[in-house]
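What follows is a short report on a single structure.
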Amino acid sequence: MTALRHIHLRSWPWTSPPRFPTYALANAVQTELQQRLLRWKAATAAAAASSTTDPNHADVPPPTLLTFTPAPTYTLGRRQTTPLSASELARLQRPLSLRYDVGPGQCLPPADDHDGNSNSNDNIGFALAPEVTHAPRGGLATYHGPGQVVFWPVLDLRSALHRHLGVRDYACLLERTTIAALARFGVRGFTTENPGVWVRRHGESAGAVAVGKEEGEGERKKGDERKIAALGVHLRRHVTGLGVAINLGMPVSGTGDEAANPWARIVACGLGDKGVTSLAAELGGGLPSRDDDATTSSSPGPLQVTTHYGAAVAETWAREFAVRLGLDGGVERFEAGGAPSLDLDLRSLDGTDGYVTAQLVQRQEAVARMSRG
Numbered sequence: 014m015t016a017l018r019h020i021h022l023r024s025w026p027w028t029s030p031p032r033f034p035t036y037a038l039a040n041a042v043q044t045e046l047q048q049r050l051l052r053w054k055a056a057t058a059a060a061a062a063s064s065t066t067d068p069n070h071a072d073v074p075p076p077t078l079l080t081f082t083p084a085p086t087y088t089l090g091r092r093q094t095t096p097l098s099a100s101e102l103a104r105l106q107r108p109l110s111l112r113y114d115v116g117p118g119q120c121l122p123p124a125d126d127h128d129g130n131s132n133s134n135d136n137i138g139f140a141l142a143p144e145v146t147h148a149p150r151g152g153l154a155t156y157h158g159p160g161q162v163v164f165w166p167v168l169d170l171r172s173a174l175h176r177h178l179g180v181r182d183y184a185c186l187l188e189r190t191t192i193a194a195l196a197r198f199g200v201r202g203f204t205t206e207n208p209g210v211w212v213r214r215h216g217e218s219a220g221a222v223a224v225g226k227e228e229g230e231g232e233r234k235k236g237d238e239r240k241i242a243a244l245g246v247h248l249r250r251h252v253t254g255l256g257v258a259i260n261l262g263m264p265v266s267g268t269g270d271e272a273a274n275p276w277a278r279i280v281a282c283g284l285g286d287k288g289v290t291s292l293a294a295e296l297g298g299g300l301p302s303r304d305d306d307a308t309t310s311s312s313p314g315p316l317q318v319t320t321h322y323g324a325a326v327a328e329t330w331a332r333e334f335a336v337r338l339g340l341d342g343g344v345e346r347f348e349a350g351g352a353p354s355l356d357l358d359l360r361s362l363d364g365t366d367g368y369v370t371a372q373l374v375q376r377q378e379a380v381a382r383m384s385r386g
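For the sequence shown, this note's numbering assigns the number 14 to the initial residue and increments by one for each residue that follows.
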């Protein structure tokens, strides 16, 4: 039996100040997983060509899902051919407030510090300067950060461990998995001619949603479409990279200013006429129970969305993905905190644990400083 290996890079959004893994750390883990799979494929091909050596299929790296919530990061896709000017780069890298609204009266306060002490000072906020990096995907600029969960499967599309997939089939698999996972939490997503998963308008997607065989696929609705999950993939010798990012509890497009709303600094994926939304925003700040059949809602803050419900969404997505991929062994979950503890031998990260800590600032001072640029 083959299981999906689910590696989750921990973050600590509840601590004061919060800590998040860097995008570079996640990319290094993904690269190591890809290289191990590519090395196995090369060795297997060489063994198959030899008349004296049989390929060792027992050592094949398992299909793996890497999930994480990164520190604020802007990624530029392959269509971003014009270099950013110095002023554009400085604008993207201005400190971003981690105190943001996701619903009426809800914001991002620190819950407690590293010692478990409550921090109820509403005047305190946190700030992080976003990283700006290139990604080997299509499209233009997008954002990843707190309030989001990123899903990067690393697998061989031609592996004998699961059903074979073409490039388009794989992209559809990611979208269908995301639609099914969101449906478990009361949001009805659909696909359009643009990559990713979309919702239509507040209220239409909320409530209990039955998960059909291919729920939401190809609805291609017109109107007030807003992206709730971004899609971007990269392949090398049929080995996958990148994947999906689901917005759980973060600012939405059209609200706030650049000091607190990362989407206000870019045109997400170059789609100026489309908006960005989140799970919490679509459900009006209330989220259904983790129980698949529950219809009751609570009203958690955004950190609850990111941690408690983020873990639930990640686990649900992993299960849906394993089933759709045709794996018969379920999901095996591993959690890595600080430097990954899975013997990944990431020499590129020597001297750092791959985590950044948000800066503790007075709220008024932070807003004033970021407004001045």
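Yeah, the Cβ is synthetic: ideal placement off N, Cα and C, and Gly gets one too.
Say whether chain D places a C-beta atom closer than 7 Å to the C-beta of residue i.
i, result
"LEU244", "Although the question refers to chain D, the structure presented lacks it and comprises just one protein chain."
What residue range is occupied by the uninterrupted beta strand (DSSP E) comprising residue i?
i, result
"VAL326", "First-last for VAL326: 323-338, but that is the alpha helix (DSSP H), not the beta strand (DSSP E)."
"ARG239", "239-249"
"LEU89", "86-89"
"PHE164", "161-167"
Kindly indicate which three-state DSSP category residue i falls into: helix, strand or coil?
i, result
"LEU255", "strand"
"SER100", "helix"
"GLY314", "Low confidence applies to GLY314: its pLDDT is 42, below 50, so where it sits in the model is not reliable enough to give any reading."
"TRP211", "strand"
"ARG52", "helix"
"ARG32", "strand"
"ALA273", "coil"
"ALA371", "coil"
"VAL289", "strand"
"LEU109", "strand"
"VAL280", "coil"
"GLY116", "For GLY116, the pLDDT reaches just 36, beneath the cut-off of 50, and the residue's location in the model is therefore unreliable, leaving the point undetermined."
Are there 16 or more other CB atoms within 10 angstroms of the CB of residue i, so buried, or fewer, so exposed?
i, result
"GLU206", "exposed"
"GLY179", "exposed"
"THR95", "exposed"
"PRO26", "buried"
"ALA55", "exposed"
"GLN161", "buried"
"ILE169", "Note that residue 169 corresponds to Asp in the displayed sequence, not to Ile. Label assigned to ASP169: buried."
"SER98", "exposed"
"HIS21", "buried"
"LEU102", "exposed"
"GLY262", "buried"
"GLY342", "exposed"
"GLN43", "buried"
"GLY367", "buried"
"THR146", "exposed"
"PHE347", "exposed"
"ARG250", "exposed"
"ALA196", "buried"
"ALA47", "Just to set this straight, residue 47 is Gln in the shown sequence, not Ala. It is buried - the Cβ of GLN47 has at least 16 other Cβ atoms within 10 Å."
"GLY339", "exposed"
Run through the DSSP bridge pairs and tell me what residue i is partnered with.
i, result
"GLU348", "HIS21"
"THR155", "THR88"
"THR77", "ARG18, VAL167"
"GLU144", "THR86"
"ASN260", "GLN161"
For residue i, report the span of its alpha helix (DSSP H) as first-last.
i, result
"VAL180", "180-196"
"ALA294", "292-295"
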